[in-house]
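J.:
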Amino acid sequence: MLTLNYIASFFLIVLGLYCIVVKYNLVKTVIGLSIMDYGVNLLIISIGYNGGTAPIFTEGELKAASFFVDPIPQALTLTSIVIGACVTAMSLSLVIKLKEMYGTLDTREIRRLRG
Amino acid sequence: MSHINLIHLLNPQHFPIFTIMLYFLGAFLIVLFGKNRILRNCIAFIATGLSLTLLILLVKPIMINGGVIAYWMGNRVPAGGYAIGIALEVDALGLFFGLLVATAVFVSCLYSFSYMSEDDNEPQYYTLFLMLAGGVMGLVFSGDLFNMFIMVEILTFAAVALTAFRNRVTGALEAAFKYLVVGCIGSTCILAGTILLYHQAHTLNLAQLGTIIAGNLDKNTIIAFALLFIGFCTKAFIVPFHPLAADAHGAAPAPVSVLISGVLTKSGIYGIIRLAYFLFQLMNLGAVQFWLVFLGSVSMFVCVTMALAQHDFKRLLAFHSISQIGYVLAAVGLSTALGASAGLYHAMNHTLFKGLLFLTAGAVLHETGTTDLGKLGGLSKKMPWTTVLFLIGAASISGIPPFNGFASKWLIYQATYEKAVETGNIGFAFVTIVALVTSTLTLASFVKVTQSVFFGQLPKECEKAKEVSFGMRFAMSILALLCILTGLLPNLVQKYLTQPAAATLFNVNKYINAMLGTGLPESGAAEFKPIGVWNPVNWLMLLMIALLAICIVAIASKYDAVRENKTEKVAAKYSLFYGGEETEFSQVGGGDLFWGFKHNWRHYFSFMHDLHSGIVNDYSLWAVVALALAMVYALIVL
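Heads up: the protein sequence lines correspond to chains A and B, in order.
Everything in the first sequence is counted per this note's numbering, starting at 1 for the first residue and increasing by one.
Everything in the second sequence is counted per this note's numbering, starting at 116 for the first residue and increasing by one.
(1) Indicate whether at least one CB of chain A lies closer than 8 Å to the CB of residue 451 of chain B.
(2) Among residues of its own chain, excluding the 5 on either side of residue 227 of chain B, which ones have a beta-carbon nearer than 6 Å to its beta-carbon?
(3) Enumerate in chain order the residues of its own chain whose CB-to-CB distance from residue 690 of chain B is below 7 Å, with the five nearest sequence positions on each side excluded.
(4) Taking the beta strand (DSSP E) that residue 617 of chain B falls in, what are its first and last residues?
(5) Identify the contact partners of residue 286 of chain B in chain A, using a Cβ-Cβ distance below 8 Å as the criterion.
(6) May I have the straight-line CA-CA distance separating residue 756 of chain B from residue 29 of chain A, to the nearest angstrom?
(7) Quick check on DSSP: helix, strand or coil for residue 139 of chain B?
(8) Judging by CA-CA distance, which residue of B/490, B/179, B/184, B/570 is the nearest neighbour of residue 614 of chain B?
(9) When the Cα atoms are used, what is the spatial distance from residue 129 of chain B to residue 11 of chain A?
(10) Mind listing the chain A neighbours of residue 712 of chain B? Cutoff is C-beta to C-beta under 7 Å, in chain order.
(11) Buried or exposed: residue 104 of chain A, going by 16 or more other Cβ atoms within 10 Å of its Cβ?
(12) Looking only at its chain, what residues have a beta carbon closer than 7 Å to the beta carbon of residue 149 of chain A, apart from the 5 residues adjacent to it on each side?
(13) Between residue 333 of chain B and chain A, is there a C-beta pair that is closer than 8 Å?
(14) Three Cβ pairs or more, each shorter than 8 Å: is that satisfied between the segment 246-263 of chain B and the segment 124-144 of chain B?
(15) With three or more beta-carbon pairs closer than 8 Å as the criterion, would you say the segment 604-622 of chain B touches the segment 451-463 of chain B?
(16) Beta strand (DSSP E) containing residue 754 of chain B: first to last residue?
(17) Less than 8 Å between the CB atoms is what I'm expecting for residue 708 of chain B and residue 563 of chain B, so what's the real figure, rounded?
(18) From residue 468 of chain B to residue 71 of chain A, what does the alpha carbon distance come to, in whole angstroms?
(19) From this set, B/239, B/663, B/512, B/189, which residue's C-alpha is nearest residue 151 of chain B's C-alpha?
(20) So which residues of chain B does residue 24 of chain A contact, with C-beta pairs closer than 7 Å?
(21) Would you kindly work out how many angstroms separate the C-alpha atoms of residue 56 of chain A and residue 342 of chain B, rounded to a whole number?
(22) Within the 8 Å Cβ cut-off, does residue 76 of chain A reach chain B?
(23) According to the Cβ coordinates, are residue 153 of chain B and residue 108 of chain A closer than 8 Å?
(24) In angstroms, rounded to a whole number, what distance separates the CA positions of residue 419 of chain B and residue 439 of chain B?
(25) Report the residue ranges of all alpha helix (DSSP H) runs contained in full by the segment 538-579 of chain B; include only those spanning at least 4 residues, in chain order.
(26) Starting from residue 833 of chain B, follow its DSSP beta bridges and name the residues at the other end.
(27) Is DSSP giving residue 59 of chain A helix, strand or coil here?
(28) Here's the rule: buried if 16 or more other CB atoms are within 10 angstroms of the residue's CB, otherwise exposed. What is residue 427 of chain B?
(29) Suppose the cutoff is 6 Å on Cβ atoms and the five residues either side in sequence are ignored; what does the same chain contact list for residue 493 of chain B look like?
(30) May I ask you to report which of helix, strand or coil DSSP gives residue 20 of chain A?
(31) Mind listing the chain B neighbours of residue 97 of chain A? Cutoff is C-beta to C-beta under 8 Å, in chain order.
(32) At a cut of 8 Å, does the segment 338-358 of chain B reach the segment 382-397 of chain B through at least three beta carbon pairs?
(33) Quick one: is residue 62 of chain A near chain B, going by C-beta distance under 8 Å?
(34) For residue 3 of chain A, decide whether its Cβ has a neighbour in chain C, counting only Cβ atoms nearer than 8 Å.
(35) State yes or no: is the beta carbon of residue 94 of chain A nearer than 8 Å to at least one beta carbon in chain B?
(36) What does residue 104 of chain A touch in chain B if you count any residue whose Cβ is under 8 Å from its own?
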């Protein structure tokens, strides 16, 4: 089952990169960034998963025989999701401003800085 | 009780976390109280000034006494040899970069007080400014790989927002968007690399990762190395990522350019050093050395030729900035004590002279409203201070003795040549040649800028220009003074700053021991043996004599001119070149100075111009290709 997770996460990362490289629409570029982020999140969660229970324990409840998933990757994923949301928000606000200024969403026309 | 706690806070052990917190706290307070101009400036000044002071206080225990500060947040010390808490660790290398960051931030903050005073949204500017500073400071002091990623994200966001800050300037939004897209690809690479390492080692602590991964590589960790490496390359704007730097610098306000060039690129270089020397300990492999030196040399050369073809003052400076970062990377990649010391020396100088140059460009923009080289000219009559300061910066970056660029470049030439002699590999001598040629081209391009901005005739549009305010001149003078001092006292700089920092690269176990208390054997003191010695005093004497000669000639010719003017009146001064009649405006454009060279290389220049198409998809494609190449190369050679 986990193999499928890894395949899916790398598929998402590559799909996101493909979207960024090939699509000329600014909004699609932002979507590509998000998809890439989701791929990495899936990768992190999969790496922490070992078939155990949720890692929620109060004091004294934790025993040597307790079998739970690694909590660190979950914490990392939460952080990464927050950052992903920030990326999306910030890039979309830039897209709005770019549309106002250039009157287009086509990346091939937004190239005043070159050479 | 509280009395005792307060005294306890003055322990240098706590200084690193204070430094980071001061920036973030300052950013937070400015959001709350930033409406008032005086209060806002006070908060920013105290945050940046106090951080710098704290770091200077750390020089003695860390640089001179050779200590390492390992600080566990919440006092969660390692249990059973396993790092369970989040750590800050400051060794000489971290402190060295921290000092650079704090200095650049402090000076550009001083400059901002008058430079940004006419912008609206000033509170937001200082908030982002301090967040960027805090992010970089957190990155260089962090002892935890995931925290490094968080800090990278914070500084990327702050840098993107600051790039788009003057969003009515042509290209500001565009530059910010491109930077955001490619920067996020880089950050995602860092995150993916981090998590692949976590998968293998089940820890995020740098020291512990170092003990587990080094010498114990498998395919996962090799791919993680490539991912992290490319991630930090995007932060340092090493070659396939250099167009982003050029765009961002051109659009951002000048003090932000100082931060992006002097501070942000250093965070990338710092990341690469930590990665290659500490985490993976791969620098004794010829293939990795070749990788770094090759990338550095390519950055040097490509960016300097790109700079030659530019028509915009700040964009030109941006390409030079990456070109100088290439020197740093190439020198650090040599993996010799001399090379590392020279690279770090150059990194320091880069922060100083590049900061100075960007600030002078900002002064020109502030007074004339343009940075287009074709529209400027003759500003030395209107802005003499700025001109002198610019000339100091230009001489430093071009490696003219006795300024600091010469000291570090001289060491880099020696280090690369020595490496060629040691290994018998002619390629390293070739790097010396590339470095020399690059330095020459840098000088050529600065001659062009000097001619087209400060000398020549004053266009009508620039006649209103006057000298900038005292605050801006003061900030620029600090950097100029530091440029001269670090050039005149290379021995002191090496002894107290760069050599302790470079020595940590070859004594990784000290870092690990300080963090985990494992007691690994530490290597002895690194040996720094430069081939030739140079004494800046001789050069200073030469410079004095040359200056004296110029003064004498100038005074003598002026005396002649005065005498002639009495008889032939004003028209005489035109007779020499124009046969008597008063001419129209006849500025010699900067672009015309090297037309022969450019004409011979026109295919190269037009090829490069077409390559840097300005389309964000192309730059993303470069990033993906670089990532793929890095992975393939790493899998083959490691």
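Ideal Cβ positions, reconstructed from N, Cα and C, are used throughout, including at glycine.
Note that this is a predicted model, so its numbers are computed, not measured.
T.: Based on what the coordinates show:
(1) By this cut-off, residue 451 of chain B is not an interface position.
(2) Around residue 227 of chain B: 370.
(3) For residue 690 of chain B, the predicted model reports a pLDDT of 47, less than 50, meaning its position is unreliable; a value from the coordinates is still stated below. For residue 690 of chain B, there are no CB contacts under 7 Å within the same chain when 5 residues up- and downstream are skipped.
(4) Per DSSP, residue 617 of chain B belongs to no beta strand (DSSP E); it is in the alpha helix (DSSP H), 614-620.
(5) Chain A residues near residue 286 of chain B: 112, 113.
(6) The displayed coordinates of chain B run from 116 to 753. Any statement about residue 756 of chain B would go beyond what the structure contains.
(7) Assignment of residue 139 of chain B by DSSP, reduced to helix, strand and coil, places it in the helix class.
(8) Closest by C-alpha distance to residue 614 of chain B, out of B/490, B/179, B/184, B/570, is B/179.
(9) C-alpha separation (whole angstroms): 45 Å.
(10) Near residue 712 of chain B there are no residues of chain A at all, since even the closest Cβ is about 18 Å away, more than 7 Å.
(11) Exposed, because fewer than 16 other Cβ atoms sit within 10 Å of the Cβ of residue 104 of chain A.
(12) Since the first residue shown for chain A is 1 and the last is 115, residue 149 of chain A is missing from the structure and cannot be characterised.
(13) By this cut-off, residue 333 of chain B is not an interface position.
(14) Here the segment 246-263 of chain B lies against the segment 124-144 of chain B, with 3 or more beta-carbon pairs under 8 Å apart.
(15) Look at the beta carbons and you see the segment 604-622 of chain B touching the segment 451-463 of chain B: at least three pairs across the two are nearer than 8 Å.
(16) Lying outside 116 to 753, the shown extent of chain B, residue 754 of chain B is not represented and no answer is given.
(17) The Cβ separation is near 5 Å, so the contact holds.
(18) Cα to Cα, residue 468 of chain B sits roughly 47 Å from residue 71 of chain A.
(19) Distance check between residue 151 of chain B and each of B/239, B/663, B/512, B/189 places B/239 closest, using alpha-carbon atoms only.
(20) Contact annotation for residue 24 of chain A against chain B: 732 [CB-CB distance below 7 Å, chain order].
(21) C-alpha separation (whole angstroms): 32 Å.
(22) The beta carbon of residue 76 of chain A falls within 8 Å of a beta carbon belonging to chain B, placing the residue at that interface.
(23) Taking 8 Å as the Cβ cut-off, residue 153 of chain B and residue 108 of chain A do not qualify as a contacting pair.
(24) For residue 419 of chain B and residue 439 of chain B, the distance between alpha carbons rounds to 9 Å.
(25) The segment 538-579 of chain B contains these whole alpha helix (DSSP H) runs: 541-564.
(26) The question about residue 833 of chain B has no answer here: the residues shown for chain B are numbered 116 through 753.
(27) Looking at residue 59 of chain A - three-state DSSP - the assignment turns out to be coil, as it is neither helix nor strand.
(28) It counts as buried.
(29) So the qualifying residues of the chain are 571, 572, 573.
(30) In the structure shown, residue 20 of chain A adopts helical secondary structure according to DSSP, grouped into three states.
(31) Among the residues of chain B, those whose CB is under 8 Å from the CB of residue 97 of chain A are 279, 282, 288, following chain order.
(32) The way I'd put it, the segment 338-358 of chain B does touch the segment 382-397 of chain B; three or more beta-carbon pairs between them come closer than 8 Å.
(33) False, the Cβ-Cβ gap to chain B never drops below 8 Å.
(34) The structure shown has no chain C; the protein chains it does contain are A and B.
(35) Yes, because at least one Cβ of chain B sits closer than 8 Å to the Cβ of residue 94 of chain A.
(36) In chain order: nothing, as chain B lies at least about 12 Å away.
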